[in-house]
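Chains as they are written, first to last, in our numbering: chain A, 721 to 1225; chain B, 721 to 1225.
Heads up, the beta-carbon is just placed ideally off N, CA and C, and yes, glycines get one too.
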């Protein structure tokens, strides 16, 4: 037996276990609190300390590495509680989550009311759902099971569960890409062009979810991105735009919780996607958003029918919530630019801004089209003249100046890192490149270390439609460790060709 | 750095953590395998040893209680691998479960084929789905989303994923209650009556899913229930019947995996319910099954419409799979008998068998009706005379003799335990009891510790229609720990009255 600090109190101990986002508490099987409360493995336990409290999943320890008077806390539990070694934490049964009754009702086909979705989202944002419950909620929303009203209510609830930025401008521009296309790093270019035109574009971006790089990952190789709200506001007031990581400003926190389980399930329902994207935009204070939607057989959106219905839902939900949404469908058949991975994409961005001769045209042209549309919507260019205006801002060097100014305001512009190992993958025959598999290419980049290792990824040396000779480089793998390089190559060797080279007859 | 036993090999270490059914592997953050394989927290890792292999969820350890060369294994991972301290285990990325693609297809509205359901069920029975995936599968089947063909296919797949009992009798009787009515513990009585009549009734029962007690929980307070197949067969050959826990004989093992997550979600879809019930019956070798279906506003089945559609599905699926199913709808407006909870229900069963003056009539009458129907179906009584025959077997003491004989054959009859704490809940006014809320009453019993704590639960002192005076006991809460008692009382104090007492004018 141990001396408890009080009935149902145990001494906090940091056991240093990373359970990702699900808080776990470790208690010894012989612990008096375990016994008196009837806790068993997987019990949900409320842990409180100085007015803060979390619900954690119990793992019961029979080994000797934990004492009976100790409450071992996983890393996320430790952080959320703000615990210190040895302080007394109070334990009780976690209250059942009443809002899960609404999820159950949805499973049985009932329509959810706004108030019910607010309760559900508040509990999700507060990390009070277990993984099993999160999975059930996501599944209940998949396959067109949320109607328009429910999707609007879900989006609004997600906005209201977090912080909300307000700007002193009548129009606030934003931009999003529904993803699935490696290297499509237009956002830094668009922000530079739009901000240079004088329109406000306070851009918050996410880190990669399933891709080799997110805009926040790429920008982090060039400048500081973890600005808090006050710093972000200063940058925007000074430069009309910013390029920061959204995670530091707590916009739509429920989204970050849901995304983790969505990734594990590998599902992505339209309703969830719309609520995820639009809640971030609305919380960031946007009034107008351009959505880039690449369509292609190996992109996230595979055909025009899927693109149409998603575009309609984005526009309709936006309209209900006072956000003007324009969707631009783009070609999603192959990667954009040359680099795939945080630093390699940053180099593409810099080369376009600096009007380098080697700059990838496709990336520049996409950015010009999207930025041009924003200029038209914002009244900085006449209808039909937006692309020309955007191209002019880019060619004149004003966008590059603005980009440098934004990076300086965020904490200084720096050089992206370079990888230590490089491996060139050549064509195994002469012919014409007819297909590039985006998904498997992204997988190789991730195995090489992206986005965790900023310098890692893929550099493309040839594009769709190009004629290549045998042995000509198709792409290079960049990696910082030999182990990761070997891992990417092993995967590559077990795949059909990622580039389909068809011999001419 | 540590010396690895081989590339991607680590030394197994039992860290003594009970994570219930989900295997967890603990690896140090600085471990070479973690790094070279790119494993991060929550990665799914395949762990193999001597040809056995399991998929486990990774928790990354930053603390010093685990060394870099060690693979810490949770209790369930240790057991399933058959590991020994210090042996080398081999680690690799867990293969994605191809069958989960079928679950995803179902989420998007596709009908599942028999072969696909077989793949899903085989992976579930083999513990190869994560909790998140199990939750998604259950959710995908909820709300009438499986049609008749799919339900038949699911049931068959669940039968085939486990062992199957075969009996040398032309008719094998079985019985099930769809539940939701606390205290409705007729099964031990029915088995005793039917076996005493000479008809074979080899009964396997489950532990509680969402209720305060299952038949296996109740019987476990009276005798040994974890018999293996050979022992069970011996008991049945000798006594015509048995009352064992189904979990020890590996009938429909996927059901046991699913039930754990169903319990956490507190959902119970018609298709899953039918597949669960009938797969157990068919695997147990039954040819005829009686299903007791209590209907009431706070029972599991709330109205006649729901009862009809569930009864039809049970009968239809049974017919497709060669099992004759008879459904008997019963009154589900209030609990049955006096006790709610394993030991308290066992006492009710004993009092009926012993023809005690205090024995609850309602429990006896229900058992007589259901057993009577089985006697008629089995030809042990003429049509219309089953209840009289059953009542006669009970009154004569033959059922009590048979029950004792079965318990003796299973390992000996014992006395159910008694709780340490008792709290009486009195009527707060004079009047007539007009409504009893089964669900909330069951919840109080569970908060008091049932079914985990066998002695815990509720004892009823008054029934529907009774007149009570102010202060007269309505029910008592039995609990083995003060913490659990306090928890039940806290819940009770936050509820409307569970007994609705209406004052006379």
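Using beta-carbon positions only, say whether residue i and residue j come within less than 8 angstroms of one another.
i, j, result
"residue 1145(A)", "residue 1212(A)", "yes"
"residue 844(A)", "residue 978(A)", "yes"
"residue 1139(A)", "residue 1198(A)", "yes"
"residue 943(B)", "residue 1104(B)", "no"
"residue 808(A)", "residue 733(A)", "no"
"residue 1016(A)", "residue 988(A)", "no"
"residue 995(B)", "residue 874(B)", "yes"
"residue 848(B)", "residue 1171(B)", "no"
"residue 1177(B)", "residue 1059(B)", "yes"
"residue 1024(B)", "residue 1057(B)", "no"
"residue 1179(A)", "residue 1064(A)", "yes"
"residue 894(A)", "residue 1001(A)", "yes"
"residue 1013(B)", "residue 1027(B)", "yes"
"residue 791(B)", "residue 767(B)", "yes"
"residue 1149(A)", "residue 1190(A)", "yes"
"residue 795(B)", "residue 736(B)", "yes"
"residue 779(B)", "residue 739(A)", "yes"
Measuring straight from C-alpha to C-alpha, what distance separates residue i and residue j?
i, j, result
"residue 1031(A)", "residue 986(B)", "36 angstroms"
"residue 793(A)", "residue 765(A)", "12 angstroms"
"residue 1157(B)", "residue 897(B)", "19 angstroms"
"residue 969(A)", "residue 886(A)", "13 angstroms"
"residue 1159(B)", "residue 1053(B)", "11 angstroms"
"residue 1039(B)", "residue 1029(B)", "15 angstroms"
"residue 1238(B)", "residue 763(A)", "This structure cannot speak to residue 1238(B), because chain B is shown only from 721 to 1225."
"residue 1224(B)", "residue 1151(B)", "6 angstroms"
"residue 751(B)", "residue 759(A)", "33 angstroms"
"residue 1093(A)", "residue 1085(A)", "12 angstroms"
"residue 1119(B)", "residue 959(B)", "12 angstroms"
"residue 964(A)", "residue 975(B)", "48 angstroms"
"residue 879(A)", "residue 1077(A)", "43 angstroms"
"residue 1123(B)", "residue 761(B)", "52 angstroms"
"residue 1087(B)", "residue 855(B)", "36 angstroms"
"residue 1042(A)", "residue 1134(A)", "38 angstroms"
"residue 1107(A)", "residue 1022(A)", "27 angstroms"
"residue 1208(A)", "residue 820(B)", "25 angstroms"
"residue 967(A)", "residue 748(A)", "35 angstroms"
"residue 917(A)", "residue 1188(A)", "41 angstroms"
Which one or two residues does DSSP pair with residue i in a beta bridge?
i, result
"residue 894(A)", "1009(A)"
"residue 790(A)", "731(A)"
"residue 808(B)", "731(B)"
"residue 738(B)", "780(A)"
"residue 883(B)", "971(B)"
"residue 1219(B)", "1156(B)"
"residue 746(A)", "779(A), 792(A)"
"residue 774(B)", "767(B)"
"residue 1226(B)", "The structure shown has nothing for residue 1226(B), since chain B only spans 721 to 1225."
"residue 1143(A)", "1197(A)"
Skipping 5 residues on each side, what residues in its chain have a beta carbon closer than 6 angstroms to that of residue i?
i, result
"residue 991(B)", "861, 866, 871"
"residue 1109(B)", "1095, 1101"
"residue 1062(A)", "933, 937, 938, 941, 1171, 1174"
"residue 892(A)", "920, 1005, 1006, 1007"
"residue 997(A)", "896"
"residue 788(B)", "722, 748, 750, 751"
"residue 1186(A)", "1153"
What do you reckon, is the C-beta of residue i under 7 angstroms from a heavy atom of the ligand FAD?
i, result
"residue 1137(B)", "In the structure on display, the ligand FAD does not appear, and there are no ligands present to speak of."
Excluding the five sequence neighbours on either side, which residues of its own chain have a C-beta within less than 8 angstroms of the C-beta of residue i, listed in chain order?
i, result
"residue 802(B)", "769, 770, 772"
Given residue i, which residues of its chain have a CB within under 7 angstroms of its CB, disregarding the five upstream and five downstream residues?
i, result
"residue 901(B)", "1014, 1019, 1052, 1055, 1056, 1158"
* Touching by the beta-carbon criterion (3+ pairs, under 8 angstroms), the stretch 1212-1222 of chain A and the stretch 1149-1164 of chain A -> Short answer: they touch.
* **Touching by the beta-carbon criterion (3+ pairs, under 8 angstroms), the stretch 1018-1038 of chain B and the stretch 911-923 of chain B** => Touching, no.
* Given a limit of 7 angstroms on CB to CB distance, which residues of the stretch 771-794 of chain A reach chain D? -> The question asks about chain D, but that chain is absent: this structure's protein chains are A and B.
* Is the stretch 942-956 of chain B touching the stretch 812-826 of chain B, taking contact as three or more C-beta pairs under 8 angstroms? -> In short, these stretches do not touch, since the Cβ pair count stays below three.
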